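A short write-up of the structure that comes next.
There are 4 protein chains.
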Amino acid sequence: MSALRSDAARSRARILDAARTLDRATLRLNDVAREAGVGVGTVYRHFPTVHALVEALSADTLDTMLATSRRAAADPDPGDGLALYLRSALTLQLEDGGLQAVLLSPDDEAESVRTAKREIFESFTSVLESARAAGIVRPDLTVDHLAHLVCGIEHAVRLGTPDDFPLLLQVMLDGLRPPASR
Amino acid sequence: MSALRSDAARSRARILDAARTLDRATLRLNDVAREAGVGVGTVYRHFPTVHALVEALSADTLDTMLATSRRAAADPDPGDGLALYLRSALTLQLEDGGLQAVLLSPDDEAESVRTAKREIFESFTSVLESARAAGIVRPDLTVDHLAHLVCGIEHAVRLGTPDDFPLLLQVMLDGLRPPASR
Amino acid sequence: MSALRSDAARSRARILDAARTLDRATLRLNDVAREAGVGVGTVYRHFPTVHALVEALSADTLDTMLATSRRAAADPDPGDGLALYLRSALTLQLEDGGLQAVLLSPDDEAESVRTAKREIFESFTSVLESARAAGIVRPDLTVDHLAHLVCGIEHAVRLGTPDDFPLLLQVMLDGLRPPASR
Amino acid sequence: MSALRSDAARSRARILDAARTLDRATLRLNDVAREAGVGVGTVYRHFPTVHALVEALSADTLDTMLATSRRAAADPDPGDGLALYLRSALTLQLEDGGLQAVLLSPDDEAESVRTAKREIFESFTSVLESARAAGIVRPDLTVDHLAHLVCGIEHAVRLGTPDDFPLLLQVMLDGLRPPASR
DNA sequence: TATGAATGAGGTTTCATTCAT
DNA sequence: GATGAATGAAACCTCATTCAT
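Chain order of the listed sequences is W, Z, P and R. Just so you know, we're using full-length UniProt numbering here: the first sequence kicks off at 1 and counts up by one. Just so you know, we're using full-length UniProt numbering here: the second sequence kicks off at 1 and counts up by one. Just so you know, we're using full-length UniProt numbering here: the third sequence kicks off at 1 and counts up by one. Just so you know, we're using full-length UniProt numbering here: the fourth sequence kicks off at 1 and counts up by one.
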């Protein structure tokens with residue numbers, strides 16, 4: 001991305017700050033503009049679609065997820081690696097209400113997002129393969145299954161309270177084990 | 001519900017049929033009217049809100065769920081009862097895209113829906129209590145946890161394909177067992 | 001009007017009773033039907049238009065007005081006759097919120113209304129002519145002027161409280177005198 | 001009111017012009033939009049309610065009324081002042097079919113309208129008090145009585161033809177004199 | 001580049017009237 | 001004759017997006 005003029009950069013920052021104060025599920029660019037004290041046109045210039053804004057809002061979280069996925073893939077203990085990955089993915093998705101949409105979207109606005117997502121999924125694949133090789137997860141589980149499960153558990157936690165997080169996470173983790181291990 | 005005049009019943013049926021052909025998540029009463037070949041006013045007379053229509057669309061499924069919940073509560077084997085309940089709940093929610101919304105809504109349009117939901121939850125509670133007493137589920141699980149988990153797994157299945165259903169259901173079922181049982 | 005079947009007569013009465021409980025200015029035949037516990041179609045059968053209903057509601061008042069106008073025309077004292085007529089017209093119009101519309105409408109639904117209105121206006125004309133001949137009203141005043149003035153004063157009283165009635169009536173009466181009489 | 005952008009000012013003017021061609025009593029913002037060749041949303045942006053538009057349509061007339069009321073209050077002759085005020089109020093109300101609604105509404109949209117109305121009524125009060133002190137009006141007349149009478153005479157004139165104006169005005173003016181003055 | 005007014009399709013809702021029952 | 005569901009035009013209003021300023 002080319003360097004922004006300083007006023008453009010300031011607008012962009014104000015827009016992102018404002019958007020963070022609003023409900024991600026019902027984001028409307030008009031509201032963002034009003035909240036940011038900026039014209040609607042300015043919001044559209046920086047973010048042509050709602051999804052582009054959602055991606056931008058999740059940029060930091062995505063970076064964190066990427067870093068964590070690398071650490072998970074590097075963990076010598078496959079079980080620890082998988083647990084680390086799943087726990088942190090769920091935590092991040094719960095913290096960042098737009099992350100699920102970014103991860104699931106087949107169309108990315110920003111190239112950086114596409115790259116990060118690809119590497120995250122690659123790391124995740126390697127984590128899962130290690131775990132499967134170690135016999136600590138069901139052999140029929142795919143990366144997509146796991147990703148969808150995380151989204152499902154996120155959904156379940158959102159239906160209740162944040163306090164439900166540890167329990168529901170644990171249910172998922174326990175459920176992943178191969179039948180033989182019981 | 002009092003008996004409908006035959007013409008009213010015909011309209012109601014056409015509206016429900018038309019609504020079934022449309023995406024439950026983005027139902028618009030205008031579209032329903034056009035699709036049903038009926039005046040907008042007629043749709044609004046029968047279903048004052050989108051939610052009222054969604055409820056009506058799920059009436060049969062809700063009845064099925066009620067019947068199953070009774071059978072589950074009556075099952076002498078707590079494990080079978082719980083599995084029956086969870087499997088069928090998930091199946092029905094997957095078949096009926098509006099059921100989750102009906103079950104989760106705190107405000108019911110139709111009295112019959114309120115009644116059915118209450119009895120379903122009561123049966124469910126009794127099923128869970130039996131299972132807990134038999135030591136075959138985590139003791140810290142509440143009915144709400146389970147209901148939310150079913151919704152979460154529904155969400156996960158929808159993100160993938162219907163083929164994922166057995167696996168993801170099994171992951172949930174396995175995850176519900178108490179830690180001690182491993 | 002031909003004799004009504006007893007049930008039709010009952011419906012008619014219920015409709016008129018119900019209509020009397022509603023605001024004459026915003027009469028809606030649907031509301032009347034609901035209030036009367038009768039189908040909309042029944043209301044339409046009896047009263048094809050809102051105006052037809054308004055006329056029917058004012059039938060008694062119109063009769064009273066007719067009787068008074070005859071007495072006014074028969075009064076040997078032109079001043080008393082005129083005052084009687086104007087005071088009672090205003091009183092009746094204030095009591096019966098639909099009377100002004102009936103009196104002003106160029107199109108009458110019921111023949112009886114047309115007849116009554118014509119005779120009222122004739123009596124009124126004769127009252128005014130006597131008064132003019134006696135030199136107690138401005139010579140340039142027509143019957144229409146007077147009728148409109150009564151409607152205007154009715155409007156003025158309605159903008160305030162019923163207590164304003166005597167004063168505003170008196171203002172009108174005083175204003176009618178010929179300039180010479182001061 | 002802050003300065004409008006030139007395009008906004010143009011729209012506003014077109015809307016007001018269009019509205020002037022329509023019947024003030026049955027104004028519908030949709031019709032105004034069509035007539036003005038402007039989107040409905042634009043009309044709603046400028047005038048959130050029909051009343052707001054009616055107020056705006058009467059802005060100039062209200063200014064004129066305010067100016068006249070000041071002159072009336074400043075007139076050394078109480079009779080001339082009162083006559084000036086009443087004649088001009090009636091003239092303006094007859095010319096501007098929405099003025100009566102604006103004057104009578106307890107809820108003003110625009111602050112400027114509220115202010116103008118208050119000052120008009122204050123001037124009017126002072127005019128009436130002078131007249132009363134001079135013994136040239138009935139002592140029991142209040143400002144509200146007079147305002148309502150003007151509305152009533154307006155109504156009466158509208159029921160006939162504009163030619164009735166001088167006569168009906170004169171009737172009102174004569175009627176205001178104290179009984180003693182005859 | 002930033003602005004925010006304008007757009008106008010399309011949602012919801014209401015209602016006078018009709019007409020099948 | 002009575003009923004009230006159906007009609008569908010049309011009102012109100014919102015909103016994502018465009019584009020003149």
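Cβ coordinates follow ideal geometry from the N, Cα and C atoms, glycine included. Please read all numbers here as calculations on a predicted model, not as lab measurements.
Flagged as an interface residue toward chain W: Z:Arg-177, by a C-beta distance shorter than 8 angstroms.
For the segment 132-146 of chain R, residues whose beta-carbon sits nearer than 8 angstroms to a beta-carbon of chain P comprise Arg-138, Asp-140, Leu-141, Asp-144, His-145.
Under a criterion of Cβ atoms nearer than 7 angstroms, no residue of chain R is adjacent to P:Asp-75; the nearest Cβ is some 22 angstroms distant. Rounded to the nearest whole angstrom, the CA to CA distance from R:Pro-76 to P:Thr-91 is 39 angstroms. For W:Thr-26, no alpha helix (DSSP H) run applies, since DSSP gives it neither H nor E. Close to P:Ile-153, with beta-carbon spacing below 7 angstroms, are these residues of chain R in chain order: Gly-152. Nearest in C-alpha terms to Z:Gly-135, of all of Z:Pro-179, Z:Gly-97, Z:Ser-58, is Z:Pro-179.
Closer than 8 angstroms to the CB of P:Ala-36 there is not a single CB belonging to chain R.
With contacts defined by Cβ atoms closer than 8 angstroms, P:Thr-49 and P:Asp-96 do not form a contacting pair. Ranked by how close their Cα comes to the Cα of R:Gln-100, the residues R:Ala-8, R:Leu-149, R:Arg-34 have R:Leu-149 in first place. Our two residues, R:Ile-15 and W:Glu-111, have alpha carbons roughly 47 angstroms apart in a direct line.
Nearest in C-alpha terms to R:Ser-126, of all of R:Pro-78, R:Leu-104, R:Ala-8, R:Leu-57, is R:Pro-78. The beta-carbon of P:Met-172 is placed less than 8 angstroms from the nearest beta-carbon of chain R.
W:Glu-129 sits in a helix when the DSSP states are folded into three classes. R:Val-40 counts as exposed, since fewer than 16 other C-beta atoms from the protein chains shown sit within 10 angstroms of its C-beta. Between W:His-46 and the set W:Glu-35, W:Ser-58, W:Leu-29, W:Arg-34, the nearest pair of CA atoms involves W:Leu-29. Taking 8 angstroms as the upper bound for CB-CB distance, W:Phe-165 and W:Leu-86 are not in contact here, some 12 angstroms apart. Scanning its chain for C-beta atoms nearer than 7 angstroms, with the 5 sequence neighbours on each side dropped, one finds around R:Ala-19 the residues Leu-27, Val-32, Leu-53, Leu-57, in chain order. Annotation for W:Pro-139: Arg-132, Pro-178 place their beta carbon closer than 7 angstroms to its own, counting only its chain and skipping 5 residues before and after. Assignment of P:Ile-136 by DSSP, reduced to helix, strand and coil, places it in the coil class. The contact set of R:Leu-167 on chain P, defined by CB atoms closer than 8 angstroms, consists of Arg-138, Asp-140, Leu-141, His-145 in chain order. With a threshold of 8 angstroms between beta carbons, W:Asp-164 makes contact with chain Z. DSSP, read as helix, strand or coil, puts R:Leu-141 in coil. Per DSSP, the continuous alpha helix (DSSP H) segment holding Z:Pro-78 begins and ends at 78-95. The DSSP-derived three-state label of W:Ala-74 is helix. If the five residues before and after P:Asp-163 are omitted, its C-beta is found closer than 7 angstroms to no C-beta atom of its own chain.
As summarised for the UniProt DNA-binding region "H-T-H motif" (28-47) of chain W, the continuous alpha helix (DSSP H) elements at least 4 residues long and confined to that stretch are 29-36, 40-46, given in chain order. Shown here, R:Arg-5 sits in coil according to DSSP, grouped into three states, outside any helix or strand.
Contact of Z:His-148 with chain W by beta-carbon distance below 9 angstroms involves His-155, Ala-156, Val-157, Arg-158, Leu-159, Gly-160, Asp-164, Leu-168. The three-state reading of DSSP puts R:Ala-110 in coil, since its state is none of H, G, I, E or B.
Using a CB distance cut-off of 8 angstroms, R:Leu-90 does not count as an interface residue toward chain P. Close to W:Leu-104, with beta-carbon spacing below 9 angstroms, are these residues of chain Z in chain order: Leu-159. In this structure, the beta-carbon distance from W:Leu-176 to W:Ala-116 does not fall below 8 angstroms.
Here W:Thr-64 carries a helix assignment [DSSP, helix/strand/coil]. Residue environment for W:Gly-37: exposed (fewer than 16 other C-beta atoms within 10 angstroms of its C-beta).
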